[in-house]
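Novice: Handing you a structure now.
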Amino acid sequence: MSRTMDRSPGSVSRIGSLVVRFAGDSGDGMQVTGDRFTAASALFGNDLATFPSFPAEIRAPAGTLAGVSAFQVHIADHDILTPGDAPTVLVAMNPAALRANLSDVVTGGSIIVNSDAFDERSVAKAGYGADPLSDGSLAAFRVYEVPMTTLTVEACKPVGAKPRDAERSKNFFALGLVSWLYHHPLDSTIEFVERRYAAHADVVQANTLALRAGWNFGETTEVFESSYEVPPSTLEPGTYTNVSGNTALAWGLIAGAHQAGLSLFLGSYPITPASDILHELAKQKHFGIRTLQAEDEIAGVGAALGASYGGALGVTTTSGPGIDLKSETVGLAVSLELPLVIVDVQRGGPSTGLPTKTEQGDLLHAMYGRHGEAPVPIIAASTPSHCFEAAIEAVRIAVTYRTPVYLLTDGYLANGAEPWRIPDVETLPRIDPEFQTEANHTAPDGTSEFLPYLRDPETLARPWAVPGTPGLEHRIGGIEKHELTGDVSYDPGNHSRMVHIRADRVARISRSIPPVAVDDPGAADGRPARLLVLGWGSTYGAITAAVRRSRANGLDVAQAHLVHLNPFPENLREVLARYEAVLVPETNLGQLVKLVRAAYLVDAVALSKVEGRPFLVGEVESAIAERIGSLRAAKETRA
Amino acid sequence: MTTTDTTDTAAGADGAPGATTSRKDWTSDQEVRWCPGCGDYSILAAVQFLLPDLGVSRENTVFVSGIGCAARFPYYMSTYGMHSIHGRAPAIATGLAVSRPDLDIWVVSGDGDALSIGGNHLIHALRRNVDITILMFNNQIYGLTKGQYSPTSEHGKVTKSTPFGSIDTPFNPLSVAIGAEASFVARTHDMDRKHMMATLRRAHDHKGAAFVEILQNCNVFNDGAFEAITGKGSRESMLVPLAHGEPIRFGPDGSKGVVLDPDASLRVVDVADVGIDALLVHDEKRSDPSLAYMLSRLARGPFEPTPIGVFRAIERPHYAQLVDEQIAAVRERKGSGDLAALLRSGTTWTVG
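One line per chain: the protein sequences are X and S, in this order.
The first sequence begins at 1 in the numbering used here and counts up one residue at a time.
The second sequence begins at 1001 in the numbering used here and counts up one residue at a time.
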């Protein structure tokens, strides 16, 4: 029997896209509500992008602005790149949720409120002087007042739950209502509820009743003039799943280790927003993965390095202050020349900063945050699903070049999700660890010997000879080493050569990375754009959407997005030289812009945002228009 | 293959049964650079004499160290070795031991490295019972940085950094180890190779984390720190050898002993006064660590009768063993990991 609910043939409008934000107290279940709406959209075939936002406190005081938790989802019938700049629909479960989110809602947008929560005390607690539902302040919006608490309690009566308990299902009432409004079937959500709360039959029943009551409320009342449908998107053929950045990254690490034939070791200390990678890998023990929740960040990376020394793929994951603590060990890994992947899920800083908010603040730390000349390759993921590919690439570089590698993501990618076309595992790149198993040199007296720092002439990688290999016993350490034997050496010339070799080894990685792709449609007809927008990491979605919109408005603009931040792709110098102006949007005060200016002497200009939030498409779009405007003005002045 | 070849490259390299090695085979070609007269030399010799006798192979033996004078140790061994960073050797060794349970891993550390900058890693390696042998050379001073007080320096110690005397309360290394749930805790000293070798052999054979404090003389910055108990003339009356199942006795002809008083404190007595039957019988296998802890505090410092030998040696599963058992149990339930299936483990849908 299908559990899809029938609906009456009312007025239905087709729309191309929709941005809904669910907002409530952090205990109201807004994350699960948003997540279920997303899952149903994905199954329906919409393209989508999500943006969860929650307070750092587990339960900030109920009803206050500090405690508001929200989940935004953008669904469309076409390929989309961001969770949307501004919600067209806000579901506000209480006055604080309304107040905290109202300024983001598009003018004329819909606001669905739980009117039961707008009592005098709650209104005051949210900092309102008067009830916003009756003081006319919402005149620019379409406001739907629904007594969700009352209706949920009423609907749950058959379960026999106390009103206080029944009330907790009101997020499912809201989900049911929004599902009716946007033609989402309830089946997958009911299945989810049955699975998730299997141990508590009464909870399954209450949530299901609330969900259906929400749907029925939309169906039977005439509160809403119309319902809407976002038709399925035309995605590339294939099998899809919805992944968050942290999950994709964890899977990418598993795939990377698998492709290299190495066992995966994760040394990690819990920290927001990186912990989910530890959680995911800890679940996958049947892959032979060893996860160690270490005593601190330093031990996490130390244990990972120890595992790499033993021939495993050592990985550590962290964020924010964790990166500071790991720096000394990363320097040791530079000296030992062993594979190591350091995942930094960037968050707002300095210090504890904004634990749950996003920022691209650590690029220069990854680049330079060690004492001495200690170069480390850097990879950055661009989208939640790209975290998978980026992780495999980080593993490839770490293993091939025997080096620590920084893999940068951020809070926005970590928790955001998007549909991902699942790759065929047969097509994933192979990685050869090339373990050393025998002597690699003939001494002047004719005997064969092992030189632990004798390098591959192409990659400059040293041999990876792991304990247990007979005849290759050797000692390594953080003291400067002789360039061939690895013995302690304080010789000035040797140190100079070793510093240069370590720098060259990282620089040569550029030989094995693809050139940066430039999207400049006019270039083929000999009419290249004058402005290049250069980005890295999680700004990809906002920049790409902004570039599309700018072109739709008749502006010529080129776009390039970097995955490899150290070393840069070999063609980057030539690419930058092609354009009169380079704009670099970053959620920091301009870190990539410093690197490209220093490396290529180009007058690149930063577009900075440091609010703990990703760029809105409109913000990048305005900056593009402004830059192109000033280029035109300058040209006219010259003419 | 059996071999009588004793050249450096062949002997002991393959660990084949019957292969015999000597100290020379376990010695690297690097010049030893400790100060002449340093106690570290005798510890190095004890380890190099012991290893040929342990039935282990060079390629499966790893020495990991942090920073400090003691931390140069790996360079002098012809095994695998890593001279890492200050205090972190137990953490690095944990990763190595968890991913490579087949290896024989030694951590060499000092009182500053293990108890000051690396205190956190030490206690956690001990509580997890990582299968490593930790040698902590205790000289009660910072040697490599030329003479500052350490976390084991006595209260009032005058050094370059404490010209008016240290005001810190020192750590008792064995009390720390026992408090950190260590399954094996022992003490020996650099003046007695035989005792060192016997103690280190016990530590090596223990499955799990073994912690050995080695009283070591720094003849440059803290000369004679243990002279009152380890000196040739004082040893007999000041060191209290512990032997499992035996009454705790020491002194000339075993004239002194240790009793447990009804108020739950230990006291040194003349055996003649109390009789042998009144002496405390040492039980290193006792699961409750309280008595071992009390023994670790019998002396208030190296000027009172000080127990040496194995304080505690209990059996509990070591960390890598538990990790591997868990992996095996999950595989039993779920089968070995399948990457293609993992990528499809969420909700999926097909387009086109």
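By construction, the Cβ of each residue, glycine as well, lies at the ideal position given by its N, Cα and C atoms.
In chain order, what residues of the same chain lie with their CB nearer than 7 Å to the CB of A374(X), ignoring the 5 residues before and after it?
Specialist: Taking the first sequence and counting its residues from 1, one reaches residue 374(X) at position 374. Answer for A374(X): G331, V334, listed in chain order.
Novice: Taking DSSP as the reference, what is the three-state secondary structure of D519(X)?
Specialist: In the first sequence, residue 519(X) corresponds to position 519, counting from 1. D519(X) falls in the strand class under three-state DSSP.
Novice: Interface residues of chain X around P1074(S) at Cβ under 8 Å?
Specialist: On the second sequence, position 74 is the one that residue 1074(S) refers to. Those are R475, G477, listed as they occur along chain X.
Novice: Taking 9 Å as the CB-CB limit, is S1099(S) close to chain X?
Specialist: Stepping through the second sequence from its first residue, residue 1099(S) is reached at position 99. Interface residue, yes.
Novice: On the premise that I379(X) lies in contact with V405(X), defined as a C-beta separation below 8 Å, what is that separation, rounded to the nearest angstrom?
Specialist: The residue given as residue 405(X) occupies position 405 in the first sequence. The residue given as residue 379(X) occupies position 379 in the first sequence. At roughly 6 Å, the Cβ-Cβ gap stays under 8 Å, so V405(X) and I379(X) are in contact.
Novice: List the DSSP bridge partners of F1164(S).
Specialist: Walking along the second sequence from the start, residue 1164(S) turns up at place 164. Answer is none; F1164(S) lacks a bridge partner.
Novice: Is there a Cβ from chain X that is less than 9 Å from the Cβ of Q1030(S)?
Specialist: Mapped onto the second sequence, residue 1030(S) falls at position 30. Yes, Q1030(S) counts as interfacial toward chain X.
Novice: Under 9 Å, Cβ to Cβ, is there at least one residue of chain S near H286(X)?
Specialist: Position 286 of the first sequence holds residue 286(X). Closer than 9 Å: yes.
Novice: Does the count of Cβ pairs from the region 1338-1351 of chain S and the region 231-247 of chain X closer than 8 Å reach three?
Specialist: Segments in contact, yes.
Novice: So the candidates are S115(X), Y453(X), I342(X), Y182(X); which of them puts its Cα closest to the Cα of P232(X)?
Specialist: As a position in the first sequence, residue 232(X) is number 232, starting the count at 1. Measuring from the Cα of P232(X), the nearest candidate turns out to be Y182(X).
Novice: Which residues of the region 1036-1065 of chain S have a Cβ closer than 9 Å to any Cβ of chain X? Give them in chain order.
Specialist: Result list: S1057, R1058, E1059, N1060, T1061, V1062, F1063, V1064, S1065.
Novice: The region 297-320 of chain X: which residues have C-beta closer than 9 Å to a C-beta of chain B, in chain order?
Specialist: Among the chains of the structure shown, chain B does not appear; the protein chains present are X and S.
Novice: Under 9 Å, Cβ to Cβ, is there at least one residue of chain X near G1352(S)?
Specialist: Looking up residue 1352(S) in the second sequence gives position 352. It does: the Cβ of G1352(S) has a partner Cβ on chain X nearer than 9 Å.
Novice: To the nearest angstrom, how far is it from the Cα of S122(X) to the Cα of R164(X)?
Specialist: Walking along the first sequence from the start, residue 122(X) turns up at place 122. Walking along the first sequence from the start, residue 164(X) turns up at place 164. Whole-angstrom Cα-Cα distance: 17 Å.
Novice: Under the DSSP definition of a beta bridge, which residues are partnered with G535(X)?
Specialist: Within the first sequence, the letter at position 535 stands for residue 535(X). The partner list for G535(X) (beta bridge, DSSP) reads H561(X).
Novice: If A1046(S) sits next to V1108(S), beta carbons under 8 Å apart, how far is it from one beta carbon to the other, in whole angstroms?
Specialist: Here residue 1046(S) corresponds to residue number 46 of the second sequence, with the count starting at 1. Here residue 1108(S) corresponds to residue number 108 of the second sequence, with the count starting at 1. A1046(S) to V1108(S), Cβ: 12 Å. No contact.
Novice: Which runs of the beta strand (DSSP E) spanning at least 3 residues fall entirely within the region 142-202 of chain X, listed in chain order?
Specialist: Runs of the beta strand (DSSP E) inside the region 142-202 of chain X: 142-146.
Novice: Taking any Cβ of chain S, which residues in the region 433-450 of chain X have a Cβ under 7 Å from it, in chain order?
Specialist: So the list is empty, because no residue satisfies the distance condition.
Novice: Near G311(X), what residues of its chain come up, given a Cβ to Cβ distance below 7 Å and the 5 sequence neighbours on each side ignored?
Specialist: Locating residue 311(X) in the first sequence gives position 311, where the first residue counts as 1. Same-chain partners within the cutoff: F435, V466.
Novice: Please compile the residues from chain S whose C-beta is within a distance smaller than 7 Å of the C-beta of E225(X).
Specialist: Along the first sequence, one-based indexing puts residue 225(X) at 225. By Cβ distance, chain S contributes nothing, its closest Cβ being about 31 Å from E225(X), past 7 Å.
Novice: So what's R21(X) in DSSP terms, helix, strand or just coil?
Specialist: Position 21 of the first sequence holds residue 21(X). DSSP places R21(X) in strand when its eight states are reduced to three.
Novice: The alpha helix (DSSP H) with M1294(S) in it runs from where to where?
Specialist: Position 294 of the second sequence, counted from the first residue, corresponds to residue 1294(S). Run containing M1294(S): 1290-1296, per the alpha helix (DSSP H) assignment.
Novice: Taking C-beta pairs closer than 8 Å, name the residues in chain X that H1124(S) reaches, listed in chain order.
Specialist: Sequence index remark: in the second sequence, residue 1124(S) carries index 124 (1-based). Those are A294, E295, A299, listed as they occur along chain X.
Novice: M943(S) by DSSP, collapsed to three states: which one?
Specialist: Nothing about residue 943(S) can be reported from this structure: the residues present for chain S run from 1001 to 1352 only.
Novice: Give me the Cα-Cα distance between A439(X) and S53(X), rounded to the nearest whole angstrom.
Specialist: Within the first sequence, numbered from 1, the residue matching residue 439(X) stands at position 439. Within the first sequence, numbered from 1, the residue matching residue 53(X) stands at position 53. Their Cα atoms are separated by approximately 55 Å.
Novice: Going along the chain, which residues of the region 1112-1143 of chain S sit with their C-beta nearer than 7 Å to a C-beta in chain X?
Specialist: The residues in question are N1120, H1121, H1124.
Novice: Would you call the CB atoms of R21(X) and N101(X) closer than 9 Å?
Specialist: In the first sequence, counting from the first residue as 1, residue 21(X) sits at position 21. In the first sequence, counting from the first residue as 1, residue 101(X) sits at position 101. Cβ atoms of R21(X) and N101(X): closer than 9 Å.
Novice: In angstroms with no decimal places, state the Cα-to-Cα distance between L364(X) and D324(X).
Specialist: Locating residue 364(X) in the first sequence gives position 364, counting from the first residue. Locating residue 324(X) in the first sequence gives position 324, counting from the first residue. Cα to Cα, L364(X) sits roughly 12 Å from D324(X).
Novice: Is the CB of K1024(S) under 9 Å away from at least one CB in chain X?
Specialist: Numbered from 1 along the second sequence, position 24 holds the residue referred to as residue 1024(S). Not one chain X Cβ lies under 9 Å of K1024(S).
Novice: Pick from I479(X), A414(X), V399(X): whose alpha carbon is nearest that of P463(X)?
Specialist: Residue 463(X) sits at position 463 when you count from the first residue of the first sequence. Checking every option, the nearest Cα to that of P463(X) belongs to V399(X).
Novice: Which residue from S1265(S), A1089(S), V1158(S) puts its Cα closest to that of L1291(S)?
Specialist: In the second sequence, residue 1291(S) corresponds to position 291, counting from 1. With distances taken between Cα atoms, L1291(S) lies closest to S1265(S).
Novice: By a C-beta neighbour count over all protein chains shown, 10 Å radius and 16 as the cutoff for buried, is R1300(S) buried or exposed?
Specialist: The residue labelled residue 1300(S) in the question sits at position 300 within the second sequence. With fewer than 16 Cβ atoms within 10 Å of its Cβ, R1300(S) is classed as exposed.
Novice: Note down, in chain order, all residues in the region 1294-1322 of chain S with a beta-carbon under 7 Å from any beta-carbon belonging to chain X.
Specialist: Taking 7 Å as the Cβ-Cβ cut-off against chain X, none of the residues of the region 1294-1322 of chain S qualify.
Novice: Can you give me the Cβ contacts of A62(X) inside the same chain, cut-off strictly under 8 Å, excluding the 5 residues immediately before and after it?
Specialist: As a working mapping, residue 62(X) is identified with position 62 in the first sequence. So the list reads D25, G27, once near-sequence residues are dropped.
Novice: With a cut-off of 8 Å on the beta carbons, I'd call G109(X) and T82(X) a contact; round off their distance for me.
Specialist: Stepping through the first sequence from its first residue, residue 109(X) is reached at position 109. Stepping through the first sequence from its first residue, residue 82(X) is reached at position 82. Contact flag wrong, Cβ pair sits at about 17 Å.
Novice: So is R1202(S) in contact with chain X if we call contact Cβ pairs under 9 Å?
Specialist: Counted from its first residue, the second sequence places residue 1202(S) at position 202. With 9 Å as the cut-off, R1202(S) does not count as an interface residue toward chain X.
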